[in-house]
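S.K.: Quick note: the sequence shown, position 216, residue 216 per full-length UniProt numbering, numbers continuous. We treat Cβ as the ideally placed atom computed from N, Cα and C, and that holds for glycine. This structure is a prediction, so every number in the text was calculated from the model and none was measured.
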Amino acid sequence: MSAVMTAEAPPRSSARRKARPGRGAFWLIAPALVLIGVFLVLPYLNIIAMSLRPTAAGAPYGAGFTLANYAHALGDGYILGVLADTLVLGATTVPICLLLGYPVAYHLARSRSRWGSLLYVLVLSPLLVGVVVRSFGWLILLSGNGVINRVLIDLGLVETGLQLMNNRLGVTIALVHVFLPFMILPLVGVIQSIDPTLEQAARSLGASRLKVFWRLVLPMSWPGIQAGTVLVFVLTLSAYVTPVMLGGAQVKTMSVLVVQNLIDNFQWPAGAAQALVLSACGMVAVWVYARLTGRFMKGLQ
Numbered sequence: 001m002s003a004v005m006t007a008e009a010p011p012r013s014s015a016r017r018k019a020r021p022g023r024g025a026f027w028l029i030a031p032a033l034v035l036i037g038v039f040l041v042l043p044y045l046n047i048i049a050m051s052l053r054p055t056a057a058g059a060p061y062g063a064g065f066t067l068a069n070y071a072h073a074l075g076d077g078y079i080l081g082v083l084a085d086t087l088v089l090g091a092t093t094v095p096i097c098l099l100l101g102y103p104v105a106y107h108l109a110r111s112r113s114r115w116g117s118l119l120y121v122l123v124l125s126p127l128l129v130g131v132v133v134r135s136f137g138w139l140i141l142l143s144g145n146g147v148i149n150r151v152l153i154d155l156g157l158v159e160t161g162l163q164l165m166n167n168r169l170g171v172t173i174a175l176v177h178v179f180l181p182f183m184i185l186p187l188v189g190v191i192q193s194i195d196p197t198l199e200q201a202a203r204s205l206g207a208s209r210l211k212v213f214w215r216l217v218l219p220m221s222w223p224g225i226q227a228g229t230v231l232v233f234v235l236t237l238s239a240y241v242t243p244v245m246l247g248g249a250q251v252k253t254m255s256v257l258v259v260q261n262l263i264d265n266f267q268w269p270a271g272a273a274q275a276l277v278l279s280a281c282g283m284v285a286v287w288v289y290a291r292l293t294g295r296f297m298k299g300l301q
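(1) Figure out for me which residue from Leu52, His72, Ala73, Ala71 has the closest Cα to the Cα of Ala63.
(2) If the criterion is Cβ atoms closer than 8 Å, does the pair Ser135 and Ala174 meet it?
(3) Return the Cβ separation of Val230 and Val286 in integer angstroms, given the expectation that the two are a contact with Cβ distance under 8 Å.
(4) Let me know if Val158 comes out buried or exposed under the rule of 16 or more other beta-carbons within 10 Å of its beta-carbon.
(5) Going by DSSP, what residues sit across from Ala56 in a beta bridge?
(6) With three or more beta-carbon pairs closer than 8 Å as the criterion, would you say the region 269 to 289 touches the region 233 to 246?
(7) If we cut at 8 Å on Cβ distances, does Ser125 have a partner in chain C?
(8) Could you give the distance in angstroms between the alpha-carbon of Asn167 and the alpha-carbon of Lys252?
(9) Would Ile48 be called buried (16 or more neighbouring beta carbons within 10 Å of its own) or exposed?
(10) Tell me whether Trp115 is buried or exposed, calling it buried when 16 or more other Cβ atoms sit within 10 Å of its Cβ.
(11) Consult DSSP for Gly64 and reduce its assignment to one of helix, strand or coil.
(12) Exposed or buried, which one is Gly206 when buried takes at least 16 other CB atoms within 10 Å?
(13) If we ignore side chains and look at the alpha-carbon of each, how far apart do Leu108 and Pro186 end up?
(14) Along the alpha helix (DSSP H) that carries Asn46, what are the first and last residues, could you check?
(15) Go ahead and pull the three-state DSSP assignment for Ser125.
(16) Pair every Cβ in the region 188 to 202 with every Cβ in the region 216 to 227, then say whether three or more of these pairs are closer than 8 Å.
(17) Between which two residues does the alpha helix (DSSP H) containing Ile184 stretch?
(18) To the nearest angstrom, report how far apart Leu35 and Leu210 are at their CA atoms.
(19) Gly294 to Gly228, Cα distance in whole Å?
(20) Would you say Gly271 and Leu262 are within 8 Å of each other, going by their C-beta atoms?
(21) Taking the alpha-carbon of Gly224 as reference, which of Ala105, Val82, Leu33 has the nearest alpha-carbon?
(22) Within 10 Å of its beta-carbon, does residue 304 have 16 or more other beta-carbons around it, so buried, or fewer, so exposed?
(23) Can you tell me whether Leu246 is helix, strand or coil according to DSSP?
(24) By the 10 Å Cβ neighbour count, where 16 or more other Cβ atoms means buried, how is Gln200 classified, buried or exposed?
(25) Going by DSSP, what residue range makes up the alpha helix (DSSP H) through Phe136?
(26) Tell me which same chain residues have a C-beta within less than 7 Å of the C-beta of Val244, skipping the five on either side of it?
(27) Taking the alpha carbon of Phe65 as the point to measure from, which residue in Tyr289, Ala273, Met254, Phe296 has its own alpha carbon closest?
(28) Here's a check: name, in chain order, each residue in its chain whose Cβ is nearer than 8 Å to the Cβ of Thr172, leaving out the five neighbours to either side.
(29) Restricting to Cα atoms, I'd like to know which of Val129, His72, Ile140 is closest to Arg178.
(30) Rounded to whole angstroms, what's the CA-CA distance from Gly58 to Asn46? Just pull it up for me.
(31) By how many angstroms is the C-alpha of Ala30 removed from the C-alpha of Val38?
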């Protein structure tokens, strides 16, 4: 009996070797770890170290370490106002992208038309053009003598051109156009994973189209909504080219302020501290949003 059990049971050493992950798995992820460490972790550590340096005249930073840059960033009313405006800009861009992107994403996910591929190309086309070119296109459209104002004046709808840029309106319009694909693509993937027969079954039981969407499709597409809104919000907070080109001197965001401190004012520690404050506020906002939407999704299950 013991001989049979010994013959059938594998040795403990070989079983342990099979249970442990091999060194080959580590070498597979080693390139990714190196890339993350070199291009993400080290730059962040450098920014943190730079934010703790004192400012100096005629030099990027002085000797020693200090918390004065954070005290200035968190105590200056102008900087806090710019930070609040940046967060409001992100909170404004996200719902507009969601309202415009959800119908497009639903149509792409459910369409079986031969024109579906063309619609995909139209959705992805903004990503094929640089953000400078896209912002310059809106500059031509929204300027005082731009296409939109000229059409309105020629039709007699207005006497003088409307102020469509150098304000928050123009920046918001351009940001929605730039970041709309980042809202649509996550929604398309999630909506495609919803079984269409569930909608057909609900319709066969007497539910209206609106009720099927509100009680079935929308709750099941919340993961895509969460991913898209977070992505658009983070990208809006870090946007620089679009606010500079369409906002001018009238619209200030934290990204614009950080670049001004780094390049124009040659105050690297102040710019680094402001960049980290923006990152911290963005992470807190995303964390709170993820917690709230996570509880909401659990309540729907």
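M.R.: Reading from the atomic positions:
(1) Leu52
(2) yes
(3) 6 Å
(4) exposed
(5) Ala59
(6) yes
(7) Here chain C cannot be found, since the structure has a single protein chain.
(8) 10 Å
(9) exposed
(10) exposed
(11) coil
(12) exposed
(13) 12 Å
(14) 42 to 51
(15) helix
(16) yes
(17) 168 to 192
(18) 47 Å
(19) 14 Å
(20) yes
(21) Ala105
(22) Here the chain comprises residues numbered 1 to 301, so residue 304 is not present and cannot be evaluated.
(23) helix
(24) exposed
(25) 131 to 142
(26) Val256
(27) Ala273
(28) Leu89, Thr92, Thr93, Ile96
(29) First, the residue type needs correcting, since residue 178 is Val and not Arg in the sequence shown. The candidate whose alpha carbon is nearest that of Val178 is Val129.
(30) 21 Å
(31) 12 Å
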